[in-house]
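Enquirer:
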Amino acid sequence: MGEEGKSSVAVIGAGIQGICISLCLIKKGFEVTLLDCEEPRLGLSASYGNAGHFSSYASVPINRPDILIDIPAMLLNTTGPLALKWNYVPKMIPWFWKFIKNCSEKNMRHTAKYMHQILDLALPAYDELFRDIDISGLVENKGIIYFWTNKDLKSRELEINMRKELGVEQQILKPHEIHDLEPHIRKIYHGGVFYPSARHTRNPRKILLRLFELFLKQGGHFKKQNVETINFSFDNKPNIKTNLNSYIFDKVVIACGAFSKKLTDQMNEKIPLDTERGYHVHFKGHDYLLSRPIIFLNKGFGITPMEQGLRVVGTVEFGGLDNPLSKKRISNLVNNARYLFPELSEHYDEWLGFRPSLPDFLPVIGRSKNYQNIFYAFGHHHLGWTLGAITGKIIANMLAGENTNLDLSPYSSGRFN
Ligand SMILES: Cc1cc2nc3c(=O)[nH]c(=O)nc-3n(C[C@H](O)[C@H](O)[C@H](O)COP(=O)(O)OP(=O)(O)OC[C@H]3O[C@@H](n4cnc5c(N)ncnc54)[C@H](O)[C@@H]3O)c2cc1C
Numbered sequence: 006m007g008e009e010g011k012s013s014v015a016v017i018g019a020g021i022q023g024i025c026i027s028l029c030l031i032k033k034g035f036e037v038t039l040l041d042c043e044e045p046r047l048g049l050s051a052s053y054g055n056a057g058h059f060s061s062y063a064s065v066p067i068n069r070p071d072i073l074i075d076i077p078a079m080l081l082n083t084t085g086p087l088a089l090k091w092n093y094v095p096k097m098i099p100w101f102w103k104f105i106k107n108c109s110e111k112n113m114r115h116t117a118k119y120m121h122q123i124l125d126l127a128l129p130a131y132d133e134l135f136r137d138i139d140i141s142g143l144v145e146n147k148g149i150i151y152f153w154t155n156k157d158l159k160s161r162e163l164e165i166n167m168r169k170e171l172g173v174e175q176q177i178l179k180p181h182e183i184h185d186l187e188p189h190i191r192k193i194y195h196g197g198v199f200y201p202s203a204r205h206t207r208n209p210r211k212i213l214l215r216l217f218e219l220f221l222k223q224g225g226h227f228k229k230q231n232v233e234t235i236n237f238s239f240d241n242k243p244n245i246k247t248n249l250n251s252y253i254f255d256k257v258v259i260a261c262g263a264f265s266k267k268l269t270d271q272m273n274e275k276i277p278l279d280t281e282r283g284y285h286v287h288f289k290g291h292d293y294l295l296s297r298p299i300i301f302l303n304k305g306f307g308i309t310p311m312e313q314g315l316r317v318v319g320t321v322e323f324g325g326l327d328n329p330l331s332k333k334r335i336s337n338l339v340n341n342a343r344y345l346f347p348e349l350s351e352h353y354d355e356w357l358g359f360r361p362s363l364p365d366f367l368p369v370i371g372r373s374k375n376y377q378n379i380f381y382a383f384g385h386h387h388l389g390w391t392l393g394a395i396t397g398k399i400i401a402n403m404l405a406g407e408n409t410n411l412d413l414s415p416y417s418s419g420r421f422n
């Protein structure tokens with residue numbers, strides 16, 4: 006028990022999941038300690054460097070029957086959106102194998118249904134959190150545009166139809182409509198879709214920090230420490246050992262993004278979490294070229310107008326957590342951006358981040374299979390920024406023993422055992 010008889014919870018990881026979870030737990034009356042090996046003010050996590058989209062429409066997963074045909078060509082194309090670090094391939098084989106098994110139409114529909122269930126609640130959940138911080142100038146409601154050349158139209162049709170079935174709001178765009186919305190893009194496109202409900206932030210780091218400061222203001226504790234092990238006392242209470250100290254809590258939430266596996270392995274669970282590495286660069290002072298985020302599907306990258314300039318974001322690189330940043334990937338992003346906007350000059354801020362991804366493209370949100378006082382919240386892959394607030398609400402409800410009226414079984418870690 007913590008101060009004043011409150012139940013004490015440690016949340017490990019101060020990315021967007023950890024911070025939203027901590028805030029939601031405080032609302033439920035828990036005494037919360039957030040631990041991270043990094044100082045959140047530095048903004049080094051995936052939650053800092055992402056494309057900033059609040060993509061509530063994006064329920065259709067990468068796992069699709071037709072992607073298996075596309076992957077070999079994508080991997081052979083050195084300027085394409087997919088890349089491998091060859092030294093990591095042997096470690097990744099079990100993940101790939103599970104990914105392939107999840108590419109059936111049945112499994113794709115299962116993932117889309119349960120991503121839709123939480124994505125649909127993602128923006129209202131943020132609205133609740135944003136009531137308590139100043140977000141003026143930081144969140145825009147201008148939708149997002151995907152566009153493509155004719156070559157890629159087939160798989161787009163499948164996605165568009167599935168989103169239609171799920172009731173996602175979308176508008177098919179003709180080339181002149183894309184031009185009307187975003188007149189500065191070079192006219193290489195043949196078609197597109199507009200998702201009007203999507204929002205974006207002009208600075209993910211500022212939002213993260215404002216939520217973190219709110220957490221401290223509301224009585225939350227922060228420890229800049231790396232959690233090394235979790236053991237259990239005689240009454241099943243988790244005993245956390247960090248690089249500096251040991252602590253006993255009533256409950257622990259593991260929210261370390263792509264790094265969570267180091268701790269879940271200690272819980273004797275084989276959760277196939279790995280990372281899809283992604284990159285960004287900035288073009289300072291060029292944000293006037295776009296009003297909203299765009300994604301050029303053929304090249305698998307996107308550009309978001311942000312306070313730092315144009316943030317060019319993309320690449321799915323399989324290479325684990327330890328390989329260095331690839332300069333080749335950075336120059337692909339730069340060249341792709343200049344293809345759409347020839348006026349772009351020098352880039353700055355080369356960043357590599359780690360999407361936490363499971364092979365069925367559903368996150369893990371729920372109680373550990375083996376330990377009743379351990380909870381998990383990770384594996385939000387390309388959508389972790391969007392899903393922070395709703396994940397926080399779900400986890401806080403679970404710890405408080407309240408019903409959410411959602412079917413949460415598809416997010417359980419037990420699905421892998
Ligand atoms: C290039 C790119 C673009 C993206 N674009 C979008 C987008 O537009 N929209 C969207 O919704 N999502 C996007 N994402 C995905 C999103 O950024 C991630 O899913 C999300 O940030 C994951 O959040 P997290 O809190 O789970 O993990 P992280 O943000 O990675 O945070 C994990 C934290 O845990 C800490 N940690 C790890 N191990 C330990 C330990 N042992 N002890 C203590 N602390 C520890 C780390 O220091 C880190 O601060 C993108 C991702 C990338 C890489």
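Residue numbers (the working numbering): 6 to 422.
Glycine included, every Cβ here is placed at the ideal spot set by N, Cα and C.
Tell me which same chain residues have a C-beta within less than 6 Å of the C-beta of T84, skipping the five on either side of it?
Expert: Within the same chain, T84 has close Cβ partners N337.
Enquirer: According to DSSP, simplified to helix, strand and coil, what is L54?
Expert: Sequence inspection shows Gly at residue 54; the Leu mentioned does not correspond to that position. Here G54 sits in helix by DSSP.
Enquirer: Do you know offhand how far P70's Cα is from K111's?
Expert: Rounded to whole angstroms, P70 to K111 spans 10 Å at the Cα level.
Enquirer: Given 7 Å as the limit, tell me if G262 has its C-beta closer than that to any heavy atom belonging to ligand 1.
Expert: Yes, Cβ of G262 sits closer than 7 Å to a heavy atom of ligand 1.
Enquirer: How many whole angstroms separate the CB atoms of I177 and V198, which I take to be in contact at a CB cut-off of 8 Å?
Expert: Going by Cβ atoms, the distance from I177 to V198 rounds to 6 Å, so yes, they are a contact pair.
Enquirer: Since I believe S64 is in contact with I149 (beta carbons under 8 Å), could you give me their beta-carbon distance rounded to a whole number of angstroms?
Expert: Not a contact, Cβ separation roughly 14 Å.
Enquirer: Report buried or exposed for N239, applying the criterion of at least 16 other Cβ atoms within 10 angstroms of its Cβ.
Expert: First, the amino acid is wrong: residue 239 is Phe here, not Asn. Its Cβ having fewer than 16 others within 10 Å, F239 is exposed.
Enquirer: Measure the C-alpha to C-alpha separation of E281 and P368 and round it to an integer number of angstroms.
Expert: Taking the straight line joining both Cα atoms gives about 14 Å.
Enquirer: Determine the DSSP secondary structure at G225, reduced to helix, strand or coil.
Expert: Coil, per DSSP.
Enquirer: Hey, would you say Y194 sits closer than 8 Å to P209, going by beta carbons?
Expert: No. Outside cutoff.
Enquirer: What are the uninterrupted segments assigned as alpha helix (DSSP H) that are 4 or more residues long and contained completely in the region 384–417, given in chain order?
Expert: You should have 393–404.
Enquirer: Name the one or two DSSP bridge partners that R372 has.
Expert: BP columns for R372 point to F380.
Enquirer: Residues bridged to Q176 by DSSP?
Expert: Q176 is bridged to F199.
Enquirer: Residue range of the alpha helix (DSSP H) that E355 falls in?
Expert: It is not in any alpha helix (DSSP H) - E355 instead sits in the beta strand (DSSP E) that spans 353–362.
Enquirer: I need the straight-line Cα distance from I441 to D139, nearest angstrom please.
Expert: Nothing can be reported for residue 441: it is not among the residues displayed for the chain, which extend from 6 to 422.
Enquirer: State the Cα-Cα distance for the pair E274 and M311, rounded to the nearest angstrom.
Expert: E274 and M311: Cα-Cα distance of roughly 40 Å.
Enquirer: What first and last residue would you give for the beta strand (DSSP E) that runs through M311?
Expert: Per DSSP, M311 belongs to the beta strand (DSSP E) from 306–311.
Enquirer: Let me know the secondary structure DSSP gives Y62 once reduced to three states.
Expert: If DSSP states are grouped into helix, strand and coil, Y62 belongs with coil.
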